[in-house]
DNA sequence: CCGCATCCTCGAGGATACTG
DNA sequence: CAGTATCCTCGAGGATGCGG
């Protein structure tokens with residue numbers, strides 16, 4: 001492990017190991033990152049914050065269904081990981097702005113790749129699901 | 144919306160909309176796909192099944208910590224989405240093999256992209272986390 | 001306006017025991 | 001061997017109310 005290690009594209013073996021490994025500290029960090037992507041709100045917020053700084057209430061409005069509790073919590077997580085920067089202005093009434101950090105902006109690329117995959121194959125997947133559900137209905141008799 | 148739409152690389156606007164949209168049927172499908180990636184076990188299994196067919200018990204051994212219940216459930220999900228093929232041989236004792244479908248093999252690319260990102264930035268992220276946690280400790284007094 | 005603390009619900013998922 | 005069925009726990013996350 002060399003110090004001052006710059007971000008390097010790791011080889012595919014390393015990635016496969018990351019994906020498949022369950023134990024170890026590295027794996028835990030990696031899983032927590034993957035979890036953030038799979039998280040219902042994180043990716044939406046990362047996506048929205050690409051566009052520029054937004055205030056808390058704006059984000060809440062832009063994300064129908066999210067509770068204040070979860071919005072705060074999710075933003076804190078993203079802030080902790082260095083993906084989002086929180087800026088509080090000492091005004092009355094208080095104003096807080098969130099925006100993606102440089103690191104947070106780099107995350108959009110792999111996420112977009114995933115979104116492209118999902119978008120390109122969602123018709124296919126829905127077809128598979130329908131087929132599967134139909135077959136199940138055949139096994140389990142009516143109802 | 145044209146019928147017989149072949150999988151096409153969608154533009155980035157479409158993807159951003161997918162990522163950020165909360166409501167709508169499309170969004171729900173998309174979120175369920177993202178959720179699969181973020182799922183603790185799905186990605187490991189997809190990763191493992193790239194290598195070839197494996198039996199139920201083999202997969203269970205290769206995935207320490209997973210319960211039979213969850214292994215079955217996760218494999219069923221992946222099968223339903225057309226990502227994994229399940230083949231049961233009518234033998235005694237029974238033998239069931241799982242392998243990635245062509246569709247399932249295409250998923251590895253965007254996931255690898257994500258794994259590369261995570262791998263390349265995990266040092267950075269851990270540093271951010273430590274910094275953040277340290278700052279918190281400063282606010283909340285000792286203990 | 002922004003957020004934390006508290007309470008409470010509810011469903012994901014583990015453990016165990018049983019079948020084809 | 002490859003599951004299924006049942007029970008049970010536990011923590012994610014919504015609702016509400018207060019505080020700076």
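Protein chains in written order, with the numbering used here: chain A, 1 to 143; chain B, 144 to 286. Every residue gets a Cβ at the ideal spot worked out from N, C-alpha and C, and that includes glycine. It should be emphasised that the depicted structure is a prediction, and the values quoted were computed from it without experimental measurement.
Would you report the Cα separation of residue 248 (chain B) and residue 172 (chain B), rounded to the nearest angstrom?
Taking the first residue of the second chain as position 1, residue 248 (chain B) is located at position 105. Taking the first residue of the second chain as position 1, residue 172 (chain B) is located at position 29. Between residue 248 (chain B) and residue 172 (chain B), the C-alpha separation is close to 20 Å.
Between which residues of its own chain and residue 176 (chain B) is the CB-CB distance below 6 Å, once the five residues before and five after are set aside?
Position 33 of the second chain, counted from the start, is the residue given in the question as residue 176 (chain B). Excluding sequence neighbours, residue 176 (chain B) sits near nothing in its chain.
Give the DSSP bridge partners of residue 197 (chain B), in chain order.
In the second chain, the residue the question calls residue 197 (chain B) occupies position 54. According to DSSP, residue 197 (chain B) bridges with B:241.
Applying the criterion that 16 or more other CB atoms from any shown protein chain within 10 Å of the CB defines a buried residue, is residue 36 (chain A) buried or exposed?
For this step, residue 36 (chain A) is matched to residue 36 along the first chain. Classification for residue 36 (chain A): buried.
I believe residue 261 (chain B) touches residue 18 (chain A) by the beta-carbon criterion, under 8 Å. Please report the beta-carbon distance rounded to the nearest angstrom.
In the second chain, the residue the question calls residue 261 (chain B) occupies position 118. In the first chain, the residue the question calls residue 18 (chain A) occupies position 18. Their Cβ separation, rounded to whole angstroms, is 7 Å, which keeps residue 261 (chain B) and residue 18 (chain A) in contact under 8 Å.
Report buried or exposed for residue 185 (chain B), applying the criterion of at least 16 other Cβ atoms within 10 angstroms of its Cβ.
Here residue 185 (chain B) refers to the residue found at position 42 of the second chain. Counting Cβ neighbours within 10 Å, residue 185 (chain B) comes out buried, since at least 16 surround it.
Output needed for residue 79 (chain A): all residues of its chain with C-beta closer than 6 Å, excluding positions within five of it in sequence on either side, in chain order.
Here residue 79 (chain A) is taken as the residue at index 79 of the first chain, counted from 1. Leaving aside the five residues that flank residue 79 (chain A) on each side, the residues in its chain whose CB is nearer than 6 Å to its CB run, in chain order, 86.
Beta-carbon spacing of residue 89 (chain A), residue 59 (chain A) below 8 Å:
The residue you call residue 89 (chain A) lines up with position 89 of the first chain. The residue you call residue 59 (chain A) lines up with position 59 of the first chain. Against a cut-off of 8 Å, the Cβ pair of residue 59 (chain A) and residue 89 (chain A) comes out as no contact.
Rounded to whole angstroms, what's the CA-CA distance from residue 212 (chain B) to residue 263 (chain B)? Just pull it up for me.
Counted from its first residue, the second chain places residue 212 (chain B) at position 69. Counted from its first residue, the second chain places residue 263 (chain B) at position 120. Near 34 Å, if we compare the C-alpha coordinates of residue 263 (chain B) and residue 212 (chain B).
For chain A, check one thing: does any of its Cβ atoms lie closer than 8 Å to the Cβ of residue 241 (chain B)?
As a first step, residue 241 (chain B) is located in the second chain; it is residue number 98 there, counting from the start. Cβ-Cβ to chain A under 8 Å: no for residue 241 (chain B).
Write down the C-beta distance between residue 226 (chain B) and residue 189 (chain B) rounded to the nearest angstrom, noting that I regard them as a contact closer than 8 Å.
Taking the second chain and counting its residues from 1, one reaches residue 226 (chain B) at position 83. Taking the second chain and counting its residues from 1, one reaches residue 189 (chain B) at position 46. Indeed, because the Cβ distance is near 6 Å, the residues count as touching under 8 Å.
What runs of the alpha helix (DSSP H), each 4 residues or longer, lie entirely inside the stretch 53-136 of chain A?
56-62, 68-80 and 102-106
Say whether chain B places a C-beta atom closer than 8 Å to the C-beta of residue 18 (chain A).
Sequence index remark: in the first chain, residue 18 (chain A) carries index 18 (1-based). At least one chain B Cβ lies under 8 Å of residue 18 (chain A).
Could you list the residues in the stretch 104-128 of chain A with a C-beta less than 9 Å from some C-beta on chain B, going in chain order?
106, 107, 108, 109, 110, 111, 112, 113, 114, 115, 116, 117, 118, 119, 120, 121, 122, 123, 124, 125, 126, 127 and 128
Can a CB atom of chain A be found closer than 8 Å to the CB of residue 191 (chain B)?
Counted from its first residue, the second chain places residue 191 (chain B) at position 48. Chain A contact via Cβ: present.
What residues from chain B crowd round residue 38 (chain A), counting only those whose CB sits closer than 7 Å?
The sequence position of residue 38 (chain A) within the first chain is 38, counting from 1. Within chain B, the residues near residue 38 (chain A) are 177, 178, 180, 181 and 182.
Quick one: measure Cβ to Cβ for residue 128 (chain A) and residue 276 (chain B), integer angstroms, because I've assumed they're closer than 8 Å.
Here residue 128 (chain A) is taken as the residue at index 128 of the first chain, counted from 1. Here residue 276 (chain B) is taken as the residue at index 133 of the second chain, counted from 1. Actually they do not touch by this definition, with Cβ atoms about 43 Å apart.
Going by the CB atoms, is the gap between residue 100 (chain A) and residue 49 (chain A) shorter than 8 Å?
The sequence position of residue 49 (chain A) within the first chain is 49, counting from 1. The sequence position of residue 100 (chain A) within the first chain is 100, counting from 1. Against a cut-off of 8 Å, the Cβ pair of residue 100 (chain A) and residue 49 (chain A) comes out as a contact.
Contact with chain B by residue 81 (chain A), beta-carbon distance below 8 Å:
Counting from 1 along the first chain, the entry for residue 81 (chain A) is found at position 81. Yes, its Cβ sits closer than 8 Å to a Cβ of chain B.
Bounding residues of the alpha helix (DSSP H) (the contiguous stretch that carries residue 181 (chain B))
For the purposes of this step, residue 181 (chain B) is taken as residue 38 along the second chain, with counting starting at 1. 168-181 is the span of the alpha helix (DSSP H), which, as asked, contains residue 181 (chain B).
Between the alpha carbons of residue 155 (chain B) and residue 234 (chain B), how many angstroms are there, rounded?
In the second chain, the residue the question calls residue 155 (chain B) occupies position 12. In the second chain, the residue the question calls residue 234 (chain B) occupies position 91. Cα-Cα distance, rounded: 50 Å.
Is it buried or exposed, residue 63 (chain A), if we count other Cβ atoms within 10 angstroms and call 16 or more buried?
On the first chain, position 63 is the one that residue 63 (chain A) refers to. Classification of residue 63 (chain A): buried, given that the 10 Å Cβ count is 16 or more.
Quick one: residues in its chain with C-beta nearer than 7 Å to the C-beta of residue 208 (chain B), no 5 flanking neighbours on either side, listed in chain order?
By 1-based counting over the second chain, the position of residue 208 (chain B) is 65. For residue 208 (chain B), where only same-chain residues beyond five positions count, there are no Cβ hits under 7 Å.
From what residue to what residue does the alpha helix (DSSP H) around residue 21 (chain A) run?
The residue you call residue 21 (chain A) lines up with position 21 of the first chain. Residue 21 (chain A) -> no alpha helix (DSSP H), and no H or E assigned at all.
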